[in-house]
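K.L.:
Here it is, the structure in full.
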Amino acid sequence: MQTPDFKGTHLFDRLCWAKERLEPVQSDFRIVYEDSVDECAKILVPDPNWMACALQGGILPPVWVYHELAKDEAQPDFKKHTRGYLLHTTEPMPALTEEQAIEYLIMKDCPQHVWKEWNTGNKPKMVICRKEQLPSTREWRNAWKITEDLTATDIAA
Amino acid sequence: MSTILVDNLTGKTSAGSITVTSEGGAATQSLQQGLAKAWVNFNGTGTIAARDSLNVSGLVDDATSDYTVNLSNAMANSNFAIVDSSCYDSDVGGASATGVTESLPASTTSYALHSGRSTSGSEFDNQYVYGTIFGDLA
């Protein structure tokens, strides 16, 4: 299915178009990350409708748009977004592969200090894995951590 | 009875504001303010996963019964309203037929959601977690 030329169309309208027409895609990828040393590992799960948009192309804005909005929001005198138009008027992203979509999602939804410095500490702060690699039950969920035994090969794989 | 067939509804005086006359005709209501801007239905047990959604980019499993919902289209500010609930299939787990849920906007693109047992309020991963947002889109 061809995506209409959505440049200038409100992002919410694009998402509604996709919701009506695209089959959701359940990704097997999961992003495990540690936001703080004092907290357990968090697991980011891509939304199936969002993944369908990413694979389709022409719907989602570039990830830098979210970073610009986050900068605005971090200002002490922030009250409301005045540059929301960036979401709607910026040329949408082309079709992504599932792996590219996961990279995009990491940059959008993981804290920047995690993905920018994921491998600068004593152990990785972030790992992309498949659903089957996570524990099958939630026993001791609040104690889950990324293992310190990860090797470079594990990470590359 | 008349049927209106249109593709777009746009306010005449203000494009983003359409008023609907309320019951009795005494007051008017903004159509836009009454529309949900995002919603999600997800399984908060096991490896959490969304069953269906609108305007959601991903879910974060933060800890037991703690989740974050990330939005695709940012809200105009972080003062949006969240309506949520959760429940557990008591036939399966026997733990709690319904769950309590608390939530709080974390930014204009995400909000945190906490589910628990209805009986004690203690932390508990519910099978059915629902979240809906009302407010202004960016």
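Chains as they are written, first to last, in numbering that gives the first Met the number 0: chain A, 0 to 156; chain B, 0 to 137. Here a beta-carbon is modelled for each residue, glycine too, at the ideal position from N, C-alpha and C. Values in this document were obtained by computation on a predicted structure and should not be read as measured data.
Looking at the C-beta of Trp63 of chain A, does it have a partner C-beta in chain B at a distance below 8 angstroms?
P.N.:
Within the first sequence, numbered from 1, the residue matching residue 63 of chain A stands at position 64. Trp63 of chain A does not count as touching chain B.
K.L.:
Where does Ala156 of chain A fall in DSSP's three states?
P.N.:
Residue mapping note: residue 156 of chain A aligns to position 157 of the first sequence, counting from 1. Because Ala156 of chain A sits at a pLDDT of 49, beneath the cut-off of 50, its placement in the model cannot be relied upon, and the point is left open.
K.L.:
Please tell me whether Ala14 of chain B has its Cβ less than 8 angstroms away from any Cβ of chain A.
P.N.:
The residue labelled residue 14 of chain B in the question sits at position 15 within the second sequence. Output row for Ala14 of chain B: interface = no.
K.L.:
Based on Cα-Cα distance, which residue from B:Ser109, B:Asn76, B:Thr100 and B:Met0 lies nearest to Gly57 of chain B?
P.N.:
In the second sequence, residue 57 of chain B corresponds to position 58, counting from 1. Among B:Ser109, B:Asn76, B:Thr100 and B:Met0, the Cα nearest to that of Gly57 of chain B is on B:Ser109.
K.L.:
So does Thr2 of chain B have its beta carbon nearer than 7 angstroms to some heavy atom of the ligand GDP?
P.N.:
The ligand GDP is not part of this structure, which contains no ligands at all.
K.L.:
Between which two residues does the beta strand (DSSP E) holding Gln28 of chain B run?
P.N.:
Sequence index remark: in the second sequence, residue 28 of chain B carries index 29 (1-based). Its beta strand (DSSP E) spans residues Thr27 to Ser29.
K.L.:
Helix, strand or coil: how does DSSP classify Glu116 of chain A here?
P.N.:
Working through the first sequence from its first residue, we reach residue 116 of chain A at position 117. Of the three classes helix, strand and coil, the one that applies to Glu116 of chain A here is coil, per DSSP.
K.L.:
Whole angstroms is fine: what's the gap from Thr8 of chain A's alpha carbon to His66 of chain A's?
P.N.:
The residue you call residue 8 of chain A lines up with position 9 of the first sequence. The residue you call residue 66 of chain A lines up with position 67 of the first sequence. Approximately 20 angstroms, taken between the alpha carbons.
K.L.:
Looking only at its own chain, which residues have a Cβ that is under 7 angstroms from the Cβ of Glu98 of chain A, when we skip the five neighbours before and after it?
P.N.:
Counting from 1 along the first sequence, the entry for residue 98 of chain A is found at position 99. Around Glu98 of chain A: no qualifying Cβ.
K.L.:
Compile a chain-ordered list of the residues in the region 40–55 of chain B whose CB is closer than 8 angstroms to at least one CB of chain A.
P.N.:
Thr44, Gly45, Thr46, Ile47, Ala48, Ala49, Asp51, Ser52, Leu53, Asn54 and Val55
K.L.:
Verify the CB distance criterion: does Val59 of chain B have a CB-CB separation below 8 angstroms to chain A?
P.N.:
For the purposes of this step, residue 59 of chain B is identified with residue 60 of the second sequence, where counting begins at 1. It does; some Cβ of chain A falls within 8 angstroms.
K.L.:
Going by DSSP in three states, Ala100 of chain A sits in which element: helix, strand or coil?
P.N.:
Residue mapping note: residue 100 of chain A aligns to position 101 of the first sequence, counting from 1. The answer is helix: DSSP assigns Ala100 of chain A an H, G or I state.
K.L.:
To the nearest angstrom, how far is the alpha carbon of Val44 of chain A from that of Ile81 of chain B?
P.N.:
Translated into positions along the first sequence, residue 44 of chain A becomes position 45. Translated into positions along the second sequence, residue 81 of chain B becomes position 82. Whole-angstrom Cα-Cα distance: 21 angstroms.
K.L.:
Using 8 angstroms as the limit for Cβ to Cβ distance, is Trp49 of chain A near chain B?
P.N.:
Walking along the first sequence from the start, residue 49 of chain A turns up at place 50. Chain B, which has a Cβ nearer than 8 angstroms to the Cβ of Trp49 of chain A, makes this yes.
K.L.:
Going along chain A, which residues have a C-beta under 9 angstroms from Leu4 of chain B?
P.N.:
Here residue 4 of chain B refers to the residue found at position 5 of the second sequence. Under the 9 angstroms cutoff, chain A gives no residues; its nearest Cβ is about 17 angstroms from Leu4 of chain B.
K.L.:
Specify the secondary structure class of Arg137 of chain A as computed by DSSP and reduced to three states.
P.N.:
Here residue 137 of chain A corresponds to residue number 138 of the first sequence, with the count starting at 1. Coil, per DSSP.
K.L.:
Is the region 137–144 of chain A touching the region 62–77 of chain B, taking contact as three or more C-beta pairs under 8 angstroms?
P.N.:
yes
K.L.:
Quick check on DSSP: helix, strand or coil for Met92 of chain A?
P.N.:
By one-based count along the first sequence, residue 92 of chain A stands at place 93. It is coil, neither helix nor strand.
K.L.:
Can you tell me which of A:Glu102, A:Ile127 and A:Pro91 puts its alpha carbon nearest to the alpha carbon of Phe157 of chain A?
P.N.:
Outside the shown range of chain A, which is 0 to 156, sits residue 157 of chain A, and nothing can be said about it.
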